[in-house]
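Worksheet for the structure shown next.
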Amino acid sequence: MIAGRLGRLRRALFGDPVATAISLATLAAVAFTLPPLIRWALLNARFAPDAAACDALDHAGACWGVVTEKYRLILLGRYPQDEAWRPVVTSLLMGGGWLAGAAGVLRGRTLAALLGLAPLAAAALLAGGVGGLAEVPAERWGGLPLTLLITATGLAGALPLGIAIAYGRRARLPVLRGLLTAAVELARGIPLVAVLFMASFLLPLLLPEGTGPGMLGRVLIAIVLVAAAYLSEIVRGGLQALPTGQRDAATALGLTPWQIERSIVLPQVLRAVAPSLANSAIALFKDSALVTVVSLYELTGALGLALAGDPQWRAYQLEAYIFLAAIYWAGCALLARLAVRIGAPPEAGPGPGPRP
891 MIAGRLGRLR
901 RALFGDPVAT
911 AISLATLAAV
921 AFTLPPLIRW
931 ALLNARFAPD
941 AAACDALDHA
951 GACWGVVTEK
961 YRLILLGRYP
971 QDEAWRPVVT
981 SLLMGGGWLA
991 GAAGVLRGRT
1001 LAALLGLAPL
1011 AAAALLAGGV
1021 GGLAEVPAER
1031 WGGLPLTLLI
1041 TATGLAGALP
1051 LGIAIAYGRR
1061 ARLPVLRGLL
1071 TAAVELARGI
1081 PLVAVLFMAS
1091 FLLPLLLPEG
1101 TGPGMLGRVL
1111 IAIVLVAAAY
1121 LSEIVRGGLQ
1131 ALPTGQRDAA
1141 TALGLTPWQI
1151 ERSIVLPQVL
1161 RAVAPSLANS
1171 AIALFKDSAL
1181 VTVVSLYELT
1191 GALGLALAGD
1201 PQWRAYQLEA
1211 YIFLAAIYWA
1221 GCALLARLAV
1231 RIGAPPEAGP
1241 GPGPRP
């Protein structure tokens, strides 16, 4: 078995002149860059929150002490310290749902229910005011819980809405098709930053004073609407690619239109477009950093707050951003793996037993 794997690896890396040249160039680049990187990141690094020791290095080694010193503000933002367990639990709830789906522990309706209800439970836990929990205004939320909440809420709200828009654009009513097409093109034609600014500062001017959702609520609504426009086009493409014979066969079997779409068409479409859905989910996860422009401090914004008033540690922001990059990479990897699980064909049940 090992010999077979080594043979496949050799053919993949050195099977022809082009592959051999690329493989040798890659190995040379790794050999040239990896040793100094290991020396900087590990061998010469300082992990204790000692600014004097980091200054003595003169950037000859990484100062991971900035992460040790500022990790709470980076990960949890300005949330009250005596209630810090609440954002920790919400992060575990939402991130755990992604992990459970990526690992295949949860599937189907159970996974969909968890992914859909987790943002509601997280928002209630962060806000408080029930069950004896102290109220915490949304302006104090930040860090990793806010990043996960924006992403999870955007996906949970945008996917059903995007499916509805996709079906609406295939309807026989010209007015409905025209309105939905105009809405989708408008949402896709405006930068997300501009949409966030309009939702945050223009929308309150159009509503009676003291009414409407708060800043975070307006931002979430804007993100859901924009994400739904993109997801609707993905789903619409999957609907158009599905052979018409699927519906014809289901109709011949006596299934109702609702049963056909719910049990036959939509599951196949979602599995087929799962890679594209993963791309949109990953993009939304990273684009959550844009809410900093409207004074909502998610991961990158919380890092900016952590370093803004502390010139002693500001010189080591590179290490802090590498730490954030690792978090974003882990989240993107989980979403990509989750899409693979969603796109995998359903496991076949046990076959019929032996005939008597």
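Note that the sequence shown covers residues 891 to 1246 in my numbering. Glycine included, each C-beta is placed from N, C-alpha and C at the ideal position. A quick note: this is a predicted structure, and the numbers were derived from the prediction, not measured.
C-beta contact flag for residue i and residue j at 9 Å
{"i": "F1175", "j": "V957", "result": "no"}
{"i": "L1039", "j": "A1013", "result": "yes"}
{"i": "P977", "j": "L1034", "result": "yes"}
{"i": "A1056", "j": "L1129", "result": "yes"}
{"i": "Q847", "j": "L1132", "result": "Not covered by the structure: residue 847. The range shown for the chain is 891 to 1246."}
{"i": "G1044", "j": "Y1187", "result": "no"}
{"i": "A1118", "j": "A1168", "result": "no"}
{"i": "G1006", "j": "A1048", "result": "no"}
{"i": "Q1136", "j": "I1154", "result": "yes"}
{"i": "R1059", "j": "V1074", "result": "yes"}
{"i": "L1051", "j": "S1122", "result": "yes"}
{"i": "P1065", "j": "V1184", "result": "Reading the sequence as shown, one finds Val at residue 1065 and not Pro. No."}
{"i": "L1189", "j": "I1217", "result": "yes"}
{"i": "L917", "j": "A909", "result": "no"}
{"i": "L1010", "j": "L1004", "result": "no"}
{"i": "G1127", "j": "S1166", "result": "yes"}
{"i": "L1036", "j": "S1178", "result": "yes"}
Own chain partners of residue i with C-beta closer than 7 Å, once the 5 adjacent residues on each side are dropped
{"i": "A1008", "result": "L983, M984, G987, A1042"}
{"i": "W885", "result": "Residue 885 lies beyond the residue range present for the chain, which begins at 891 and ends at 1246; the question has no answer from this structure."}
{"i": "R1245", "result": "Note that R1245 scores 44 on pLDDT, short of 50, meaning its location in the model is unreliable; the coordinates nonetheless yield the value given after this. No residues qualify anywhere along the chain."}
{"i": "L963", "result": "A1192, L1195, A1196"}
{"i": "L1224", "result": "W988, L989, A992"}
{"i": "V1085", "result": "A1112, V1116"}
{"i": "C944", "result": "R936, C953, G955, Y1206"}
Close beta carbons around residue i, own chain, < 8 Å, minus the five adjacent residues each side
{"i": "L933", "result": "G951"}
{"i": "A938", "result": "G955, T958"}
{"i": "V1026", "result": "Y969, P970, E973, R976, L1016, A1017, G1018"}
{"i": "C1222", "result": "I1172, F1175, K1176"}
{"i": "I1111", "result": "A1089, P1103"}
{"i": "T1182", "result": "E1188, T1190, G1191, G1194"}
Collapsed DSSP secondary structure at residue i in the structure displayed
{"i": "E1188", "result": "strand"}
{"i": "L1143", "result": "coil"}
{"i": "L1049", "result": "helix"}
{"i": "V1026", "result": "coil"}
{"i": "L1174", "result": "helix"}
{"i": "A902", "result": "helix"}
{"i": "G1102", "result": "coil"}
{"i": "P1244", "result": "In this prediction, P1244 has a pLDDT of 46, which is less than 50 and means its spatial position is unreliable; nothing more can be read from the coordinates."}
{"i": "Y961", "result": "helix"}
{"i": "R1126", "result": "helix"}
{"i": "I1154", "result": "helix"}
{"i": "P1081", "result": "coil"}
{"i": "G1068", "result": "helix"}
{"i": "R968", "result": "coil"}
{"i": "L1097", "result": "coil"}
{"i": "A1061", "result": "coil"}
{"i": "A1205", "result": "coil"}
{"i": "P1133", "result": "coil"}
{"i": "G897", "result": "helix"}
{"i": "V1114", "result": "helix"}
{"i": "A1215", "result": "helix"}
Residues that DSSP places opposite residue i in a beta bridge
{"i": "R936", "result": "C953"}
{"i": "G1033", "result": "E1188"}
Same chain, Cβ closer than 6 Å to residue i, five either side skipped, listed in chain order
{"i": "E1209", "result": "A952, C953, W954, V956"}
{"i": "I1232", "result": "A1164"}
{"i": "L1106", "result": "A1028"}
{"i": "L1160", "result": "none"}
Residue-level contact to chain D via CB, residue i, 9 Å cutoff
{"i": "Y1120", "result": "Looking at the structure shown, chain D is missing, and only one protein chain is on hand."}
Problem - Uninterrupted beta strand (DSSP E) stretches inside the segment 985-1030 (no shorter than 3 residues) - result: none
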